[in-house]
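For the record, the sequence lines run as chains U, Z and P.
Going by our numbering, the first sequence opens with residue 9, and the numbers climb by one from there.
Going by our numbering, the second sequence opens with residue 5, and the numbers climb by one from there.
Going by our numbering, the third sequence opens with residue -18, and the numbers climb by one from there.
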Amino acid sequence: MATIAVPIGTQAEQREAEAVRRPALSEYLRWSVDHKIIGVQYGISSFLFFLVGGAMAMGIRLELLTPGLDLMVSGSAYNSLFTMHGTVMIFLFIIPMWAAFGNFVVPLQLGAKDMAFPWLNAFAFWLIPPAAIIILMGYFVTPAEAGWTAYPPLSTLFSGDGQTLWALGAHLLGISSIMGSINFIVTILNMRPEGMTLWRMPLLCWAVLATSIIAVMATPFLAGALTLLLLDRVAGTTFFDAAGGGDVLLWQNIFWFYSHPAVYIMVLPGMGVLSEVLSIHSRKPVFGYRMVGLSSMGIAFVGFTVWAHHMFTSLQPELRIPFMITTMIIAVPTGIKMFSWLGTIWGGKIRFTSAMLFALGFLSMFVIGGITGVMLAALPFDIHVHDTYFVVSHFHFVLFGGSVFAIYAALYHWFPKVTGRMMNERLGRIHFVFTYFGFLFTFFPMHIVGMLGMPRRVAVYDPAFTQWNQLIGIAAFVLGFSTFIVVYNVIHSYFRGPVAGANPWRALTLEWATTSPPPVTNFIDDPIPYEDPYGYGTEAATAYLDAVDETFRNGAPASSR
Amino acid sequence: MAQLTADQLAASVHDDHGHMSVEDSNNNLKLGVWLYLASEVVIFSIMIVGYVLLRINEPDIVAEAHEQLGVGLVTANTFVLLASSFFMVMGLRAMQQGNRAGMLRWIGLTALGGIVFLGGQYIEYRELSHLGIVLGYDLESQWSTLGMRFYAPTFFHGAHVFVGVLWALEVLRRGTKGRYDHNPIGIEMFGLYWHFVDVVWIMLFTLIYLV
Amino acid sequence: MAQATHQDDGHHSNTVRLLGRQITVEGGVYTVVFVALAILTVIEVISAEGLKGAIHDFPDAAATLEAIKAAILLIIAVIKSTLVIWFYMHLRDEKPLLAVVLLLPLLIAGLSILYLLAIPPGGYSL
């Protein structure tokens, strides 16, 4: 058998010296260029925004319990509520949340000591708080009412100053996202350790690479569009005002040039997480590794050719069919991933950890979101359900059933690495059950009310839909409640969780070949990656994992407490 | 398994804080700047497309504006910016040859070129506003659809030139302290930005003032 | 068109081979490129003004002449940009990766712009 290269220096004193020390909580509140600190900063701040956006969702469901206006004083108040809900969830929660996991995990998986540009990394993060303040401040002046898509003329002629602040904040977030992505691309392309070719890179890195390429190429579209929108709002131009020789559809086009690829920014890292979690927790190599990596790139590029399916009702009729076709084509790389995940867990030694449960939850929910996506791509059907709750249901299946489930899977999976403590598995399972069924009963009935004709973005609806909406509302409150279980679990486990050790899941990727939490420098020696990041089930892999365990037996946080 | 000597250990710990070889670091920085420029390509194309649409749909307005403005000033300005780009690359070349004084002279000229260009743009904007071509929409003006589509890309470019001038001054400040004597990557990064701004102007000049 | 005589010396040599002849000039290839850019700009302005006159003189062929003018000017502009990127931004010395980094957004932006240009002036009519 080949000699096993253990990725880290072996002397006991050395481990003692570099002993695992959890950063003090105050370090997370300060400027830091350590990618691990920044990752946690991203994670905690975006989770706070998840709670804010979630509270807004609760408000929306509360309003919709009855067909009339009761919680809201007017339709406008409701408009601004769902506008903020969408904005906060997309720009302040999901996108930065992936930056959290990307920041923490990617350099570790690459065996690097930090990101390529640590300072830029910190700067990109610290743009988020001011942007968030600007956007949320807008809610308390005259709030933005045009939805997160901010279509003119709603966003130009019919919205207050909050819309200007909204655009400014979104602009800052876009800049932050571009800077973060440049950092990821350079890190992944230039800083892999010797022996790790692109084709031996963990799939999360592939996913983050594809995501970052999209972000660098697509986010500037948003920046350009927002600049024009701001000019329209403050400088008296009429780029988007037909009465002044402008073009209303220009916004829709440019916005979706960005925002359709952005859908993949929001879900591709989740797909990377899924490949990691499913493989590790079912002890099997990823099925079709190359195709999974390539399909990430495929999604990234095809993603740029489908935007006009958001505009089927405002689009030049001749162009509808071509966009219908490209939209259906993009389901192919997604399908490849789906089958790869099924092939990965098929016949594996599945361990139903919380991380695995959420990954399986993703599988079952995302497939529904994907299928409704293909349904919506079909033009005749789309015209029928255009702007109804069917669409709302579809993208929540993708963004909650997809992204958020993947975020939870990633949280349970990497929490031990971040804090050195295990999460409570029992609470994790309870959390999963509440989230899974809460989610299912919140969003699945929306398909039905949508097909029955309930339009989205309304506070007052036909009383015929009352019972459906009450069912959805109650399920939504269960879903909202389930969030507190994980909040409690995180806080409880951070202080009282069992010590995790370096490699609690016995995983082969490099982030597990260092102490938990990793020292400031991540690795003491230059780490040597195992030849195949997912080569589970071989003798060599077992020997490697045993050697890692042996190396870190005494290096666990226990010795430093 | 490698047994580390104390020296090696010290070296590895010393090497910890993200310090990589100069060459690796330079490659990272260059790739980073190129990626940043890639995103700028997209923003500028959004800025330009509004103008191009107008040029296609209402050629008469554009032709009239060309007639009124003439091409002299903007051509002179173009030469200034092209020359400044040349000074820039000569400055980098000088530093690569180890000639710090030469570098400072060339980069100084680069900054000067940027300032002159901005002055020219200011004069041009003043002329245009005398003609009644302004940014905001004005129902009375025959130019109302042109103004915003002209000013948005050119002003956005001008803002980039302005940032470039500030960057050049910073390069000069650091250069006098000898920051680039051993590794001129800082100059090269600024150069990439400055040449990119020049390339954007080459396209803007052709698309807006000539076509 | 211009090539540094010695690869390692690309940034420094004052001698370049241009159209088969050795030329020695301060600044080497950079100076040659600058002169080329200046000449191309002059050609651009002259042909733009000249064709504008021609369009005025032959209103019958105006559409064709407009198209020819736009094509010529755009081709020259692309050549100029390529010169700057290739020589001044040192793309010729860099890894192909950087060319990809440049071409990808151009491709994507180009696709989207072409699409936007296809929107009819008065908006869509059903």
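For glycine and all other residues, C-beta sits at the position ideal for the given N, C-alpha and C.
Item, Value
"Going by Cα to Cα distance, which pick from U:G119, U:L176, U:A472, U:L419 is closest to L460 (chain U)?", "U:A472"
"For chain U, find out if any of its Cβ atoms is closer than 7 Å to the Cβ of P86 (chain P); answer yes or no.", "yes"
"Can you find a C-beta in chain Z that's less than 7 Å from the C-beta of F15 (chain P)?", "yes"
"Strictly under 7 Å for the Cβ-Cβ distance: is F366 (chain U) near chain P by that measure?", "no"
"Could you work out which residue in Z:S89, Z:G76, Z:L35, Z:G74 is closest to F200 (chain Z) when comparing CA atoms only?", "Z:S89"
"How is R437 (chain U) classed by DSSP in three states: helix, strand or coil?", "helix"
"Starting from I337 (chain U), trace the beta strand (DSSP E) both ways and give me its first and last residue.", "I337 (chain U) -> not in any beta strand (DSSP E); alpha helix (DSSP H) instead, spanning 328 to 337."
"To the nearest angstrom, how far is it from the Cα of A63 (chain U) to the Cα of P424 (chain U)?", "28 Å"
"Output the distance between the C-alpha atoms of E558 (chain U) and A508 (chain U), rounded to the nearest integer angstrom.", "15 Å"
"Alpha helix (DSSP H) containing T219 (chain U): first to last residue?", "211 to 238"
"Quick check on R2 (chain P): buried or exposed, where buried means 16 or more other Cβ atoms within 10 Å of its Cβ?", "exposed"
"Measure the Cβ-Cβ separation of A483 (chain U) and T450 (chain U) and say whether it is below 7 Å.", "yes"
"Output, in chain order, the set of chain Z residues within a Cβ distance shorter than 9 Å of T245 (chain U).", "L139, G140, Y141, G151, M152, R153, Y155, A156"
"Please list the partners that A42 (chain Z) has in chain U, where partner means a Cβ-to-Cβ separation under 8 Å.", "V224, M225"
"In three-state terms, what does DSSP make of P535 (chain U)?", "coil"
"What is the C-beta distance between N198 (chain U) and N30 (chain Z), in whole angstroms, given that I count them as a contact (C-beta under 8 Å)?", "Not quite, the Cβ-Cβ distance comes to about 11 Å (not below 8 Å), so this is no contact."
"Residues of chain U with a CB under 7 Å from the CB of V89 (chain P): which are they?", "At residue 89 (chain P) the sequence reads Ile, which differs from the Val that was named. Here the neighbours are M225, F312."
"Is the Cβ of G95 (chain Z) closer than 7 Å to any Cβ of chain U?", "no"
"Report yes if the C-beta distance between A510 (chain U) and F560 (chain U) is below 7 Å; otherwise report no.", "yes"
"Any idea what DSSP makes of P104 (chain U), helix, strand or coil?", "helix"
"Drop a sphere of 10 angstroms on the beta-carbon of G410 (chain U), count the other beta-carbons inside from all chains shown, and report buried for 16 or more, exposed for fewer.", "buried"
"CB-CB under 8 Å to G168 (chain Z), same chain, minus the five flanking residues each way: which ones, in chain order?", "G118, F194, Y197, W198, V201"
"Which same chain residues, not among the five before or five after L95 (chain P), have their C-beta less than 7 Å away from its C-beta?", "none"
"Beta-carbon within less than 6 Å of M431 (chain U)'s beta-carbon, same chain only, minus the 5 sequence neighbours each way: which residues are those?", "Y420, F423, N497, S501"
"Grouping DSSP H, G and I as helix and E and B as strand, with all else coil, what is T(-14) (chain P)?", "Low local confidence applies: a pLDDT of 38 at T(-14) (chain P) is under 50, so the model's placement there is unreliable, with the coordinate-based value given in what follows. The answer is coil: DSSP assigns T(-14) (chain P) none of H, G, I, E or B."
"Given a limit of 9 Å on CB to CB distance, which residues of the region 50 to 81 of chain Z reach chain U?", "I50, M51, V53, G54, L57, L58, E62"
"Would you kindly report the start and end of the unbroken beta strand (DSSP E) that includes T491 (chain U)?", "Not the beta strand (DSSP E): T491 (chain U) falls in the alpha helix (DSSP H), residues 474 to 504."
"Ignoring anything shorter than 4 residues, give me the alpha helix (DSSP H) runs that lie fully in the region 31 to 107 of chain Z, in order along the chain.", "63 to 73, 76 to 100"
"Helix, strand or coil: which one does DSSP assign to Q125 (chain Z)?", "helix"
"Taking only beta-carbon atoms, is I27 (chain P) less than 7 Å away from chain Z?", "no"
"How about G106 (chain Z) and A98 (chain Z): are their beta carbons less than 7 Å apart?", "yes"
"Can you check which of these residues, U:A555, U:R465, U:Q478, is closest to H93 (chain U) by C-alpha distance?", "U:R465"
"In chain U, which residues lie with their C-beta within 8 Å of the C-beta of G36 (chain Z)?", "A124, F125, L128, I190, N191, V194"
"Examine chain U for any beta-carbon lying closer than 7 Å to the beta-carbon of N187 (chain Z), and answer yes or no.", "no"
"To be precise: take each residue of the region 107 to 120 of chain Z, compare its Cβ to all Cβ atoms of chain P, and keep it if any distance is under 9 Å. Which residues remain?", "none"
"Listing by chain order, which chain P residues have their CB less than 8 Å from the CB of H199 (chain Z)?", "V65, I66, Y69, M70"
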